[in-house]
Ligand code: GRG
């Protein structure tokens, strides 16, 4: 299997599912829905939904992934997109460009962007809990909702963002950087993998392995994000390069330099793949995704 064609195919699967789940920009809520659809369709890589489907495939095969997990995959992307819209706001990173396009608040204003994020976060839980979507039984559905809510909330992504902002322009120990990375970026990535596993009926041993895999690729993902921010151009990234240094953020390259940072990212990818040792060839996409996370260019 070749990663590029796999990603293209899976992005198509996720985007087709969006078309059936996300309300059309029409009627009385048209402007609000247009604002949230703008960011949802602005060219994201769809890493979290693809990881969720790949984990489900690793446990139960592709058919289970595509019949039962699509609403979960889309909900994860809604939560991710909301976090980016809010992260770009003037009160946070104050970015004008994301994925090479104007950020949400540049087009819809601050209030519109805050509400677009709120709408996406809430819609995610509508999708997850709606029995009309997917064939998941109530027990799996509830467990998935809990895993995702925990990862997105005050002890996960939101808490990590709060810590990150609180530590701007301060110096702090490396352990704090790890906590910020694990919560801000890693938690939702691990939850994406776990949600796929739970939905496909993974046993506890398999879930433990998927958690170890998720934690390591989450770490690799954030390290690579730090590296790209420090070394790539705004054009390559589609968002402001060098913004971490400008905002006084501590990053892996700031602690270890570029070479050591690369080695650490490679180490995390290796550990992620080792965690999958008990899985058969159905886990091949997860293995390829681990490599992709290291080699991605934006
Ligand atoms: C505002 C509650 C709240 C949280 C924001 C995720 C996040 C927390 C902020 C984004 C800042 C950032 C650059 C984090 C590093 C890792 C990351 C999440 C990168 C963006 O994810 P990609 O690369 O984005 O999957 P695409 O554009 O492909 O969807």
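In this note's numbering, the protein residues as written are 40 to 337. We put the CB at the ideal spot given by N, CA and C, even for glycine. Quantities reported herein were computed from a predicted structural model and do not represent experimental measurements.
Asked, Found
"Buried/exposed call for residue 260, threshold 16 Cβ in 10 Å", "buried"
"Near the ligand GRG: residue 145 beta-carbon under 7 Å from a heavy atom", "no"
"Exposure of residue 40, with buried meaning 16 or more beta-carbon neighbours within 10 Å", "exposed"
"Inter-residue CB distance, residue 276 and residue 253 (contact presumed, cutoff 8 Å)", "Actually they do not touch by this definition, with Cβ atoms about 24 Å apart."
"Beta-carbon spacing of residue 392, residue 186 below 8 Å", "In the structure displayed, the chain extends from 40 to 337; residue 392 sits before or after that span and is not available."
"Segment contact, 8 Å Cβ cut-off, at least three pairs: the stretch 268-275 with the stretch 324-335", "no"
"For residue 137: DSSP bridge partner residues", "140"
"Cβ contact (3+ pairs, closer than 8 Å) linking the stretch 194-210 and the stretch 175-185", "no"
"Residue 270 Cβ short of 7 Å to the ligand GRG heavy atom set", "no"
"Burial state of residue 244, where buried means 16 or more other Cβ atoms lie within 10 Å", "exposed"
"Any non-hydrogen atom of the ligand GDP within 7 Å of residue 43 CB", "Absent from the structure shown: the ligand GDP. Ligands present: the ligand GRG."
"Within the stretch 282-309, ranges of the beta strand (DSSP E) (whole runs, at least 3 residues)", "none"
"Rounded Cβ spacing between residue 221 and residue 262 (contact assumed at less than 8 Å)", "Going by Cβ atoms, the distance from residue 221 to residue 262 rounds to 12 Å, so no, they are not a contact pair."
"Touching by the beta-carbon criterion (3+ pairs, under 8 Å), the stretch 281-293 and the stretch 114-130", "no"
"Residue 55 Cβ short of 7 Å to the ligand GRG heavy atom set", "no"
"Spatial neighbours of residue 296 in its chain, beta-carbon cut-off 8 Å, leaving aside the 5 residues before and after", "none"
"Rounded distance between the beta-carbons of residue 216 and residue 333, thought under 8 Å", "About 19 Å; that fails the 8 Å criterion."
"Supposed contact pair residue 309 and residue 96 - C-beta distance, whole angstroms, cut 8 Å", "In fact, because the Cβ distance is near 22 Å, the residues do not count as touching under 8 Å."
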